[in-house]
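Asks:
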Amino acid sequence: MEDQQIKTFKDFLTFYNQLSETCFARCVSNFNSRTIEEDEAKCVERCASKFISCNNRLIKIYAVMQEKIVNNRLKAMEEEHLKQQAALALNEPSGAVQPAIEEQPA
Numbered sequence: 001m002e003d004q005q006i007k008t009f010k011d012f013l014t015f016y017n018q019l020s021e022t023c024f025a026r027c028v029s030n031f032n033s034r035t036i037e038e039d040e041a042k043c044v045e046r047c048a049s050k051f052i053s054c055n056n057r058l059i060k061i062y063a064v065m066q067e068k069i070v071n072n073r074l075k076a077m078e079e080e081h082l083k084q085q086a087a088l089a090l091n092e093p094s095g096a097v098q099p100a101i102e103e104q105p106a
């Protein structure tokens, strides 16, 4: 559980760093003032909003695709299991399990 929390936190930090770097590079161009200009603030706000919206859409799409992938894998495993069961049934026509014959030392 703790490993998952650490991974989640690392993912958040990665996302935050990407957002910060992307929006800073796009929006901040004037380094003559210590304060952020109004147009820069609006740009950063729009950039962050788009970045977050895009990330949310990707997460939703990933969740849907992941569910489909898991369902396909489960279906394939079930089909493989049924094939193995059918193959075993063909090898044992009476349906009874034959006892193993042990060789006697000579």
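Note that UniProt numbering numbers the sequence shown so that position 86 is 86, with each residue one more than the last. Quick reminder that beta carbons are idealized off the backbone N, C-alpha and C, glycines included. Being a predicted model, the structure only gives us computed values, none of them experimental.
State the start and end residues of the unbroken alpha helix (DSSP H) segment that holds residue 109.
Replies: Because the chain here runs from 1 to 106, residue 109 falls outside it and cannot be looked at.
Asks: Distance, Cα to Cα, Y62 vs S53?
Replies: Counting from one through the sequence shown, the residue named residue 62 turns up at place 62. Counting from one through the sequence shown, the residue named residue 53 turns up at place 53. Taking the straight line joining both Cα atoms gives about 14 Å.
Asks: In the structure shown, what three-state DSSP assignment does T8 receive?
Replies: For this step, residue 8 is matched to residue 8 along the sequence shown. In the structure shown, T8 sits in a helix (DSSP, three-state: H, G or I).
Asks: Consult DSSP for R26 and reduce its assignment to one of helix, strand or coil.
Replies: Residue mapping note: residue 26 aligns to position 26 of the sequence shown, counting from 1. Note: R26 maps to helix in three-state DSSP.
Asks: Sorted by chain position, which residues of the same chain lie with C-beta nearer than 6 Å to C43's C-beta, five sequence neighbours on each side aside?
Replies: Translated into the one-based positions of the sequence shown, residue 43 becomes position 43. Taken in chain order, the residues that qualify are C27.
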